[in-house]
Every structure is written in C-alpha cells, then in structure tokens.
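Residue numbers (this note's numbering), protein chains in the order written: chain P, 0 to 434; chain A, 0 to 434; chain U, 0 to 434; chain R, 0 to 434. All C-beta atoms, glycine included, are put in the ideal place defined by N, C-alpha and C. Just so we're clear, the structure is a prediction, and the values are computed from it rather than from any experiment. Just below is one structure, and these are the notes that go with it.
Protein chains: 4
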Amino acid sequence: MSSAHDAVIDRSDSLHAKEWLRAYQRVRAATEAICAPLHKEDYMVQSMADVSPPKWHIAHVTWFFEAFILKPFYAAYQILDPAYDHLFNSYYETHGVPFPRAERGTLSRPTVDDVYRYRAHVDLAMQALLTDPPQEHLPEILRRLELGLPHEQQHQELLLMDIKHILAQNPLCPAYRDDLVPAHAPEVKALGWLAYRAGIQHIGHDASAGGFAYDNEMGRHRQFVEAFEIADRPVTNGEFLEFMQAGGYTKPEHWLADGWATVKAEGWQAPLYWVERDGVWHHYTLGGLVPVDMSAPVCHVSFFEADAYAQWAGARLPTEAEWETVARDVPLTGNFVDQDHLQPVATKRAEGMPSQMFGDVWEWTGSAYRPYPGFRKLPGSLGEYNGKFMSGQMVLRGGCCATPADHIRATYRNFFPPQARWAFSGFRLARDTDA
Amino acid sequence: MSSAHDAVIDRSDSLHAKEWLRAYQRVRAATEAICAPLHKEDYMVQSMADVSPPKWHIAHVTWFFEAFILKPFYAAYQILDPAYDHLFNSYYETHGVPFPRAERGTLSRPTVDDVYRYRAHVDLAMQALLTDPPQEHLPEILRRLELGLPHEQQHQELLLMDIKHILAQNPLCPAYRDDLVPAHAPEVKALGWLAYRAGIQHIGHDASAGGFAYDNEMGRHRQFVEAFEIADRPVTNGEFLEFMQAGGYTKPEHWLADGWATVKAEGWQAPLYWVERDGVWHHYTLGGLVPVDMSAPVCHVSFFEADAYAQWAGARLPTEAEWETVARDVPLTGNFVDQDHLQPVATKRAEGMPSQMFGDVWEWTGSAYRPYPGFRKLPGSLGEYNGKFMSGQMVLRGGCCATPADHIRATYRNFFPPQARWAFSGFRLARDTDA
Amino acid sequence: MSSAHDAVIDRSDSLHAKEWLRAYQRVRAATEAICAPLHKEDYMVQSMADVSPPKWHIAHVTWFFEAFILKPFYAAYQILDPAYDHLFNSYYETHGVPFPRAERGTLSRPTVDDVYRYRAHVDLAMQALLTDPPQEHLPEILRRLELGLPHEQQHQELLLMDIKHILAQNPLCPAYRDDLVPAHAPEVKALGWLAYRAGIQHIGHDASAGGFAYDNEMGRHRQFVEAFEIADRPVTNGEFLEFMQAGGYTKPEHWLADGWATVKAEGWQAPLYWVERDGVWHHYTLGGLVPVDMSAPVCHVSFFEADAYAQWAGARLPTEAEWETVARDVPLTGNFVDQDHLQPVATKRAEGMPSQMFGDVWEWTGSAYRPYPGFRKLPGSLGEYNGKFMSGQMVLRGGCCATPADHIRATYRNFFPPQARWAFSGFRLARDTDA
Amino acid sequence: MSSAHDAVIDRSDSLHAKEWLRAYQRVRAATEAICAPLHKEDYMVQSMADVSPPKWHIAHVTWFFEAFILKPFYAAYQILDPAYDHLFNSYYETHGVPFPRAERGTLSRPTVDDVYRYRAHVDLAMQALLTDPPQEHLPEILRRLELGLPHEQQHQELLLMDIKHILAQNPLCPAYRDDLVPAHAPEVKALGWLAYRAGIQHIGHDASAGGFAYDNEMGRHRQFVEAFEIADRPVTNGEFLEFMQAGGYTKPEHWLADGWATVKAEGWQAPLYWVERDGVWHHYTLGGLVPVDMSAPVCHVSFFEADAYAQWAGARLPTEAEWETVARDVPLTGNFVDQDHLQPVATKRAEGMPSQMFGDVWEWTGSAYRPYPGFRKLPGSLGEYNGKFMSGQMVLRGGCCATPADHIRATYRNFFPPQARWAFSGFRLARDTDA
Ligand SMILES: [Fe+3]
Ligand SMILES: [Fe+3]
Ligand SMILES: [Fe+3]
Ligand SMILES: [Fe+3]
C-alpha cells in the first residue's frame, strides 16, 4: 500500500486493520510535518474568522477520530479532557454546541504541548483499537476511518492556506519555509483551445468501480453537455495582469453585481497577496515575498475575479460537468503538496491535450455547489460533513499545490463562497462552440 | 389584441405601432391602478433596503422609457428635469451613477404629484413617438418597448410586495384594500405524487416559436433529467404548521448551514407576516391581519425554510429543469393579480395532473440562478438587466397572485437570494424515483 | 402676556388658566407655522436615526399633553386612537415601550391629515380643560403645562434642524423657504479678548428669583472659576476656512483621539452641509445652496471640530461656568428664530463686551453634560426628561437662529454627543489668563 | 531608594543616574515577574479590541524607552529591528503610523523569545546610557525616564487586567496562578457616612511640593466643593447582589439612557466575570473560578452599573474633587499588587474615617475626564500621552489590587469609557448634605 489513497479505496474484508493503521499513521505524520516549521506563537493566530489557528486544526482532526471512532467503538477508551469535545467540534450542531468559530484564536489553553499530548493519546488508542478491533464494529470503524483520513488531509491543505494567511498579515512578511523546491519556469506558450462534442455524460463517482469518494460526489447521474471548448491551460499571472492594466478592477461592465459590490467594499485592485514594490508586482508566498512569476497560473483570485476576467476575455468559466468530462481522461498527476513547491508553477504545455487539470490551482467552475440527483447525506452527525454547505458556494475542481496527491479525483468537488480568495484558487477559460 | 402579452409576442413589420401604443397605455394604467389606494405618505416609505418607496417605482419605470427609448430615438423629446436621470436609474452602472438604493426613502422631492407629472410627460412623448415613429429606428424602438412593458409589469408585482412590506411594519396593520375578492376555500386533498421518466429535455425559451422572453431564458438547450416525482400541489399553510409544531425552527439537522445561521440571527419562528394572537396564527395580508387559511399554499417563506421543510419531509425541491418539464404541459392559468385575491388561495386539486403550477406562489426550486449554455447578454446598458445577478440567488418558477397573467411563461426564471421572504414565495416538493 | 416665556415664569395662583391657554395656543400655532411650507412627502423622511420625520414631531408634542395632562387630569377626555400612545412616546421607558426611534420613518399611517386631526382633538380638549380646570389638580396641570410648552419649543428647533437635514440629502437641494430675511453682512472685525478675574460664581437657575427652568439647570451652586479670557465673538466661517487650508482636517496632533477616529471614519473635510463648487465653498441653508458668508459664525461643526480648531489656534473652549459667568450680564437678544434668518449672520461687534452670546449658533463648551450638585430628577416618567442623558454628551450654550427667543436663558444647558453636527452649533474661544 | 516611586520623585541634580538605573531595573523586573506564569500561547491572545496580547505589552513598554530615550539621546544605539517601531507604537500618531490596535493578536512574529531579546537589547543600552550619560541631555533623559517608569507600571496593571480577560474567555477557566495570598475576610460592618463641609479646595498636583505626576493632574487649581457626605467604604458584592435581586438590571428607571441601551445590547445581568453555578454566584479571578466573597468590594462593574446602583440606593457617585478632598488626608496604603491578592478583599473598617480609598478597586467618580484649568500637553509626541483621551471617558480614583503601591497618588486620575468593565473597577457612594 503505497499511499493513504491506496488504502482508502480498498475496504475489503480481507484487508488487515493493520494496513489501515499504517495509513492512519502516515496521514497523521504528514500533518505534523506541515506544522514542524511553526513557532508556538504561529499556532495561535486567527487572522480572520475563516482562518483557524493551526493549534485548533491539529486538535480538531484528532477530535474527529475520538468522537466518531474511539468513543462509540472502543470501550476501554479513556477521555483525556472532557472539555475538548466542545472546544474542537468544528460545526457538528447535532453533536453538542460547537465553540464559536470566530473565537478560536482566544484559546491559549490547552497549549500546543497539551494538544500534541492529545494527539499522542488518541494515536495510542487508535493503535490499540486497530491492532485488536472489535469484529462486530469493524466495518463501521473502517468506514469512518475512510472518512477520517481524507478529513485530516483536507485540514492539511487548510493548514497551509491558513498559515499563509496568518504570516501574510505580518508586516515582517516572514517565510514559512526557506527550503521550498524552486520552479523551473519555462516560457509559457500561447493558450490553445480544445473542442468537445455535445452528448450525454455520466457525472459523479462510480460507486461500482470502487474507491472512496465523498457523499457530495454521488449519486452518479447523466447530464447532457452541449458542445464546448476549453482552454488547454489555466490563465496565467501575466494574462491576469493584462486584465488589471486594461482597468479590469475599475469597470463594472465585466462584473457580476455582487462581485462589483465586493470590489468596491474591499478595495480590491489585484489578487490576494499581491503588492507593488517599486513598480514591480510581488506576492507573498510560503517562501516569503517574491516577484510574481508571469508564466505561472494566477492564484488567490475569487470566483468574482475569475468570472470578470472571463467576461472581459469574451469567454466564460467551464461548468463542473464540462470540467469533469475533460478531466476524466487526463492522468492524475500534477503539482501537488508532494512536489514541495507550495506555489503554482508554469509547466510545459502538452500539445493537443489539457495541462494542469490537476494540481497547481483549484479551478473555479461556473457551477453553484448543489446536490447531485440521488444525493444522500451520511447518517447521524456525519451527515453534516458536506450537505449542509450546499448554498451560496461555487464548485472548484482539480486540487492545488497544497493538496496531497492521493486526496484528489476527477469527481472531487471542492467549494468556496464566491468572494473567498485565501484558497489556492485560479481558473481556466471555456466557451460555447459556435453553431 | 387582448393583452400586453399578445402585443409583445408579435413584432412583425405589419403590426401598427399604434397597437403597441395601446399595449403601452394598458400597462401604464395598470401601474396607476395599483397605486390608487395609496396615501402620499405610503408612497414615501422604504421599510428595508430591498424595498423601494412606491413613488420611486412609478418614477423608475417611467425613466426606463425615457432613458432607453425617448432620449435615443425621439429627437424632439424635451427633458423634464435632468436630475431625474440620476435619481431614477436603478442599477445601470454603465448608464451613469445610480442614486444609492438604500437611500431612496430620503427623497421627498420630487413629490408624488411631480412624479405623476413626469409620468404624464413621458406618456405624452411616447404617444407622439409611436403615433409617428421614425421608420429607421422602429425595429429597435419596438424591441425596447417589448422589454419595457414586462419591465413595468415586474415593478407592478414589486409594488404589491413592497406595499405589503411597508404596511406590515406599521403596528396599526392597515389594510391596503378592503375590497379584495375573497377565496372560496375548499377542503384541500391529500398530497399526490406524479412520476416522470428519465430523458433529454429541451429547456429554455424556443426563439423559433416566437413570443417574447428575457435573455436569461435563453439559449434553449438540452438537459438530461433523471426520473423524478413531483407533488401535485404546493405545500399548504397547514402542512407547514406541522413542521413548526414538530420543532422545525429549532432543529439544526433539517437546515442548510446558512439557513440555520439565518434562523438564529433573525429569530425566525414562522413565515414572514405570521403572528400568533390568542393562540391562533394570523398573518398580515393586503386585506389586513386575518387568521391563516390552513388549506392555502404557504407563502413568504425563504428558500432556506422551503429546503428545511423538504428535508424534514424526506423530500427535496425540484430542479428548475424538472419544474419546467412538468409545467410545459400545463395550461397557463391560475390565481394571478387579475383574480384580485392578492393572496394565495386553496384550489380544488385536479386528479392526475399538477395543480397551481402557475399563480398563487412563486415556487422555490433547488437550482441556483446561473446562465444557460449559450446565454448572451443584451448589448449596451440593457445587458445589465438580468445577467449580472447570476450569483448568490435561487430560481423560482410559475408566478404568483401578484403577477399579471400575461407576464408569465413556463420558461420564466425569477430569482431571489435564499434568505428573501417578502416575495409571494412558496414551494412544491419533489423526490427521486426509487430504482 | 406678550410671549410664552412670560407665561411660563408666572405660575401664581392669581393667574387665570385662560392666560395659559393663550400661551398654549401661541406655541402650538408656531409649530404649525414652521410646517406650513412642507409637502406631505417632506413630513415622512427620516434621513438618519437621529432625525425624526416632521410628522412624528408634531404628533409627539401633542402626545406629551395627552399623556401627561389630559389622561391623568381630564376625566372626560376621549382617546382618539389608543395606538398613538405607543407610536408617539419618544423615550419614556417607564411609560410603556416606545416605538423604535430608528423606524419612525416607516410609519405612513397615521397620515399627515390624521396627525393634524389628532392635534386638533387634543387642542380642543386642552381648551376645554383650561377653560374649566379641576381646581384640585390645577397646580400640577400648570406645572406640567409649564414643561410642555418649552418641550414643544424644543421640538420647533428640532423640526428646523431635521427639515434642513432631510432636504440636504436630496441632490436637488430644494429650499425649505425662499422668503427668508437676508443678512446685512457687515465686515467682521478682528477678534478681541475679554478678561475675567478669578472668583466664586453662582451657577445655575436661581429658583428664588422665579421663572421657569429645566431640572438640569438646578441646583444653583457655587463654583470657583479661575481667571480666564474669552473671545468677544464666535469663530467665523472665514477663520474656520483658514484652519481647513492649514490642513486642519489632516493633522492628528490637533484632535482628540475620538475626534480623529471620527474624521477618518466619516471622511470629514469641512463642516456639515459645506460643498465646494467650482472652487468656491457653498453650504446648504434652509434657503437653498448658497456661497458661504465668511463673516458669519461657523456652524454645523461638531465638538471635535470646535476643539481641534481651538487647539490649532492655541486656545480652548470655555467651560460652561465661564460661559455663564460672561452671559449673565449680557442682554438676552440675538438672532433667534423670530428674526427669520434661519441662518447665523455676522453682526457688528460691540466694543468691550461680548457679542452674539445668544442666538446665531449654539456654542460648544468644554464641559461634559453632568448633573449639578443638588440635581433632582422630576418625579414619575417626567424624570426621564433630562437626567438620563447625562452621559457621553457635551454642553452647548446660548441658543441659535432656530431657537424661539422666549425659550432661552443664560442658565440654559443644551447638550449633544461630541460628534453631532446637525444642530446649529458653533463655538467661541477662551484661554487661561497668564499668571 | 526603596521603590520606583521614591526614585521618580527626586529628579535633583545631585541624584546619580545610577540610582535611576536601579529604579529602571526594578520596574523592568516587575513586568517580567508578572509574565512568569504565562505560557507562550497566553502571550498571543487578544480577547477583545481593548485587550492587547501580553507579548505586545512587554514589547511596547520597551519601545517607549527606545523611541523616546535611546534613539534621540544615545548616539551609539543600534536598532535591533527597524520594523518594531511600527509594530509597537501604541497610538502616537505624530510618531509614524501605529499598527492597528485591533490586529495586535495577528502578529506571531516577533516571537516571545524575540521580544525578550528585544527587552534585553534595550535594557543593555539603557544600562550603558545611564552608566555614562551625555551630560547635556541628562535632564531631558531623566524627565523622560520619570515618565517611562510609571508608563511601564501602568502596563503592569494592564497586563493583569488583560491576562484575566484572556483566560476568562476560556471555557476551561484556567487559573493564572494558584499561589495567590488568600484574603482573611472579616464580617463587613454596616456602611457609615462621613460629612464634609462646603469650601474652596485646591485640586490637582502641587508641583511646588515636588514628586512626579502626570500632566493630566495639573494645573493645580481651586474648586468650590459644596457640602457632601461620602460612604466610609466601597459598595460590596453582597450589597450589589441586593440590587440585582431587586431587579436592578431589568428596570430602566435606575439607568442612564446609554447605560440602559448597553444593558440590553450586551445582555448584562451581573458584573463581568460573574456566573451562577448551582444557584451560587461565582466569579472568575486570577486564581480561578471561586464563589463570590460577599464582604469584598464589588468589582468589574461599569460606570453605568455604578451609577444605576447609586440611583437605586438614593445616592450618587462622588465627584473627583470630592474624592480628592477626602483622600488627601488618608494614608496611602491598601490592597495593591504588592499584597499579592490580585483581588479586592474585605477589610476591617476604621471607625470615623474612610477605608479602602486606595487599593482594592478603582472607584468610579461622577466626573467626566476633562482637562483642569491650566492643563498643558507635554511637547512633541509625548503630548499624546494623556490629553487626547479627554473625551467620552469617566474618571476613576485610588488604584486597585493590581496597581503597584508606588504608582498611585491622591491626585492620580485614571479614566475609562463608561461601559468598560475589565478594569478592577468598583465604586463608593456619596450624597448631598441636606440643608
Ligand atoms: Fe473538519
Ligand atoms: Fe427596474
Ligand atoms: Fe420630546
Ligand atoms: Fe503605553
């Protein structure tokens, strides 16, 4: 079993629980590796309500295993501190009252050391449970573990997003790491268009083919997708700068009404983290403040900015069905967290096929995040995992430079509100095929 | 020509501009009839930012004809007051700077009499223009008139919504009118379900068949709609009361996360305008405060409430494609403004076919308001009419008791934010067909 | 009896209640004269939370007589509408729940005509009561009438302040009246300083000398006032413009911390109602938009602006004890509402004595509004009249061009929050006497 | 020289700078002793905008010496990090742009260790400077040191206030220390009243008598204080509980209008930090959550609550002149930080003289914080120290259980907004002497 992903797609009876334990340990270790460069002070900051302090993240993912596996299925489990259940419940309203999200930054106790003790305590219990699991509960335990591991991987990406946002507030512009793998930036080629014919597409996760997927990727269903064309790579920083120089942020005609209101209210003039220094555009990265690489995909733009660019360029964003139709046939490789760039980078474009569908930047689609036909929530509190957020958000696809490679799929549906910019979010153009 | 609708679907060369003039006059007169019961004081109130003072509505619809027809195409037109262009532009950012929406209630001048003089001034000019139109501009004039008339009809419905909201704020609960047509409330039958097979559906306005439609109803395109079932009537007040009595407003498990946050922030405990008096639920209607008719469709609920009810009932809302598939074959009749109830009423259910698809209440669908494939904005400032609102809103279908009968179509897409409640909005259940 | 003031200072047994009735009728008529130029639409606007719609003012002052005189003391009184007690109670929390202040603009009913009927109804009852008063209650009736008449006069000034604010929001800049008495603007002389010696001063209303005063002007008490100097006239528009031109609104060193925060939050760059047109400063007046008269006292400045000007000028504002010490010996004449300028005007300065202490502009003092030693609230709900506002406000003295001449006294204490600007508020400089 | 206070009152030529150095080191060490029990995580929290993270406090007080002494007067001084000047400037707008106060909690860097290095760096430089001072600047250096030491002492008290607020947010209710000195709570005696005759009082710091005082305690001036009576001890928790049980928080008649609005907006039902557990009132203290000691002075009440209690009790708060008149003759002893209770405690009342005038709780007065006659701001940026806050705040007197004993004086004027509750603030009653 070479990765967490391999693990999570085989929940057969024959699989030993110990293999799951190894997957568990690998995912847990990856979280701690992400936090290794942090000072205790960094663990504490909540730079906006959407951001959680890193300390909270590492406690919360631990709580998930405690609340949904250890407490219900491990009779011998000893609770470390009963207060943690309240403090580290993120949003499961049917599982007690969550501590208010916007006040997570006020909790100095438990300390970072306490929280690592909590992790060790839960890890030990998980090890004991999976070493000698109660057979009658094993299928349900593994089903929840299969959700708990990608849950922690999602928080690994959130940790990187949040650490970036936290350090970027600081006038000192401190680097998170100074040993990131640099990009070899080739000259980016002109954008090409790929044409797809109209037809019925099967969209969503194919449960019969096995493998894990979130509830929101099901049910698999048919969609009629009219003929369309799609760009063979994402929009670059250089192209986005042309939009800026053409007055893109000052002309309401390109914008959705809510987007234009946001531009004015927030004073947006460039993507998040961009700052002009002596006439040169820089942006804050996890390696510090550097000049913008004009060949790399533009990142940290909202849906509103992606849509405005597309309108300005005479194009539009792809729907998620179009995107999935294209991505289905593309190898699942790319610039993921494993490449250790932690920043989107330019790639040599393959002729005649789409590049960078996976990795680099999450790609905003033109689709609102709503349930598929046949969608069913998970039973119990875990039913709150995805379904209740299906309002007011837009779908993004393909993963990014902060996503674990074994976490992503062609059917994976990420989602953020249209004004959100702190995810590694970019976009790719699409357009209707002329009759 | 029996209605404005008849007029607007025939823009042939052979049509005399005078027939258009009669349609114009009919629509204009309908607006003034709606305002006839108002005091000057009622014309002034802006009870929330979304509501406009009635005076503003009647000036704004007049401005639309002035700005988009008279100024560009009627050389002899004399502007009454140049300041009106700023005051009565609603949201056309590419046509000057609109006066701030939330401050419309601060404008005591021009007075109501001034605004009626403005209406008369523009009506006179429109009459002159259409009596002797410049032939080279006639097609464009009629195209804009074809948009201007339904625009004014939309504001007729908004006037009734806003008047209701304005008077409902008043502790005196004044009736707008005391001569409304009462409902003959038959006993409502048990809800029935109608089944539809899976298949490709053609969705959106069929331009080749003629008739007017907004840009957002195009382009016509194919959608694959999986098998589904739909309720044969909307949910009633009585049914919604069961949800309330089952603790619907107090249980987060039924709600979307944004919905639950809204329930708590706003303190919602019942639909808008409902108030309990001596243990009996009353609601404010345009005829005053009356006991709730338990057989009539529930009204003034948000998308969030409709969705929560559906989740509680083990069902869901229909998509707009499902709704349109059903509505396409239903006669376009119902309880519209012409019936003069100005309130949804119970109807005798027809066996084996859906009732009340049109009229009574706008029906929330589960579809976010986004462009159809092939959508094109109108050129110029009129391009701001619909397209820029395609973010953060949900689609409603079918018209309501405040909609002019000749304004609605099976393809008509109305839209409001998911928390909005002051429209005459209700809903109908749908569900997946079991395999 | 030549004025309301004369009336209110003689509450002797021998006075006929009919004389009081005439005073009542004179004050009531003055209110209606102020409203005569209004359209019904003007009566409806609440341009900010602090402003009340004129309709509300004229109903509220009527309610005062109904609630505090007619209901308790006139057994035959017939209530016109029981709902009015809730709608027109301003802030008397011990007299039922007042209708929310910020929502007064949402009440279209009762209409303006209804409210005038309410006035007539109460006036008739007051006439009946005072024509044949119940002897056992007469002293208390007259005591309350003595408060109710200046209460209505206060609202006369508020009406003018609020009407000005309402019409000033309108881009049409409509004039309230076009027949105001113009100012004969003499050349203003250089500012002179008048010196006062240190000593014990008796401050506050001298009850033994008779005459009406509000509770907040008592108890009369001793204050030791150190030697000081005071300017012989208020600061003029021309002088204030020098402060502006010296960058006064851009330099934090002149400002109180709360003042500077307000300047930045509100974007203040000039007094309220000032606007630059083609390089010339204009300001909105009740006669419309006119060039600023540089010789007239500056008006519509906040305490923060007055204090910042004083700091910039190396001076300070007088305390209210200093102001009263000076004013005590000055004739009670000036530019009041009776002069019908409705705007501060320049006056010829009298040599060696302070000018414009009364009228023109309310003068901000450096004193916070707090109770005098020996202050006693009135009994019952009327105790809420003044005392509960003694927090967070600053004292102003001397009346203004919108104050009835018979309403003002040397001991009169007006008060507003330090950021308020819609009163006719200006200021006069003071400074310590060098040792 | 036995204390910082002794040091700061003797700025004679003969004093060796080394004695000042020892005072400096003693004050600096006291700050670090306060922080010794903290975890790094505690240093980071900003629990509300008014609270600063402890890390910020210890850096800011260091910055004060760097900015106002080392940079101007120590030529050899090497700046450790130029960015700190921006980060740790609190509010000196004339000394660059301060980092936004409400965002202090977002700064994880410099770390706690970095900040202690900064302290050591500055301490070393101060040692060098004071060991061999430039004679021509020595008077100004000492003048600024004389301000810098009480400045740091003020922040010592703020540290304790802020640490309490930070830890109190935490549902775990962690104790700051578990080794505080417990109170020996004697039975509190009935409240007694002390009478003072009317007369001229000299108020404010007597510069001729020597000793340090803040600018806001000058100029010394005369006030006429009418006869009054004052309580011989502060109001206790037990007495305040009677007010609560009498419905004090539910009756608007006791409250200032702003106070009542705050009660409703904030949902106040008890002093800050009070919580009912199983029918017993507890409160959070720096030693953890404990039952309220009914004999100790009530603490963590706002001016609004103090004033409401006084109105309910038929009394009032003393003015600051009254308070100072009384305090002038009382020994400067009490429950200060040096007693290590860190909580107000009951004391045996001395017969015939006021007790607890100093220490235990800051006592709200009825006086707004405004300048004395003859007040002069310090020159330069230090002029922002006190003067610019003289708006919207009320004066408190006497120091508290978190105040260093050598920091307080009878003339000392503390100030907070009327709604503030996180200071150790209580109150004492006063009343007018009946004629
Ligand atoms: Fe989570
Ligand atoms: Fe419109
Ligand atoms: Fe009033
Ligand atoms: Fe400080």
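- According to the DSSP secondary-structure assignment, residue 431 of chain P is paired through a beta bridge with P/227.
- When CB distances to chain P are screened at a threshold of 7 Å, the residues of the segment 388-411 of chain A falling below it are 388, 389, 390, 391, in chain order.
- Put simply, the CB of residue 370 of chain U is near chain R, with a gap under 9 Å to one of its CB atoms.
- Put simply, the CB of residue 365 of chain U is near chain R, with a gap under 9 Å to one of its CB atoms.
- Taking the C-beta atoms as reference points, residue 105 of chain A is found no nearer than 9 Å to residue 39 of chain U.
- A distance below 7 Å between beta-carbons, with the five flanking residues on each side excluded, links residue 165 of chain U to the following residues of its chain, in chain order: 41, 44, 46, 50.
- Just measuring C-alpha positions, the residue of R/15, R/433, R/411 sitting nearest residue 218 of chain R is R/411.
- Interface annotation, residue 159 of chain P: not in contact with chain R, CB-CB separation never under 9 Å.
- For residue 200 of chain R, the enclosing beta strand (DSSP E) starts and ends at 198-202.
- Residue 281 of chain P and residue 290 of chain P do touch by the CB rule: their CB atoms are close to 5 Å apart, below 8 Å.
- The closest heavy atom of ligand 3 lies less than 8 Å from the beta carbon of residue 63 of chain U.
- Of all residues in the segment 13-41 of chain A, the ones placed with a Cβ closer than 7 Å to any Cβ belonging to chain U are 38, 39, 40, 41, in chain order.
- Leaving aside the five residues that flank residue 121 of chain P on each side, the residues in its chain whose CB is nearer than 6 Å to its CB run, in chain order, 61, 64, 65.
- If you keep only unbroken beta strand (DSSP E) runs of at least 3 residues inside the segment 2-81 of chain P, you get nothing at all.
- For residue 375 of chain A, the CB contacts under 8 Å within the same chain, skipping 5 residues up- and downstream, are 214, 217, 218 in chain order.
- Distances from the alpha-carbon of residue 163 of chain P to those of P/287, P/101, P/380 put P/287 closest.
- Burial of residue 54 of chain R is indicated by the presence of at least 16 other C-beta atoms within 10 angstroms of its C-beta.
- No Cβ-Cβ contact shorter than 9 Å links residue 385 of chain U with residue 355 of chain U.
- Membership of residue 118 of chain R in the alpha helix (DSSP H) is indicated by the continuous run 111-130.
- Distances from the alpha-carbon of residue 393 of chain R to those of R/364, R/323, R/268 put R/364 closest.
- About 6 Å separates the Cβ atoms of residue 155 of chain R and residue 29 of chain R, confirming a contact at the 8 Å cut-off.
- Nearest C-alpha to residue 259 of chain R among R/278, R/240, R/306: R/306.
- If you ignore the 5 residues before and after residue 414 of chain P, its C-beta comes within less than 6 Å of the C-beta of 368, 392, 394, all in its own chain and listed in chain order.
- Relative to ligand 2, the nearest heavy atom lies less than 8 Å away from the CB of residue 153 of chain A.
- The beta-carbon separation of residue 408 of chain U and residue 212 of chain U, rounded to 7 Å, stays under the 8 Å limit for a contact.
- The CB of residue 284 of chain P never comes closer than 8 Å to any CB in chain R; the least such distance is about 16 Å.
- Among the CB atoms of chain A, none fall inside 9 Å of the CB of residue 247 of chain P.
- A Cβ-Cβ distance of about 22 Å is found for the pair residue 224 of chain R and residue 425 of chain R, leaving them out of contact under the 8 Å criterion.
- The C-alpha of residue 86 of chain A is placed about 25 Å away from the C-alpha of residue 419 of chain A.
- The way I'd put it, the segment 241-249 of chain A doesn't touch the segment 75-95 of chain P; fewer than three beta-carbon pairs between them come closer than 8 Å.
- Using beta-carbon distances, residue 227 of chain P counts as an interface residue toward chain A, with a partner under 9 Å.
- In this structure, DSSP gives residue 380 of chain U a helical state, which the three-state scheme calls helix.
- Boundaries of the alpha helix (DSSP H) around residue 262 of chain U: 256-265.
- Relative to ligand 2, residue 300 of chain U has its C-beta separated by 8 Å or more from all heavy atoms.
- Here residue 317 of chain U is not near residue 423 of chain U, since their CB atoms are 9 Å or more apart.
- At least one C-beta of chain R is nearer than 9 Å to the C-beta of residue 170 of chain P.
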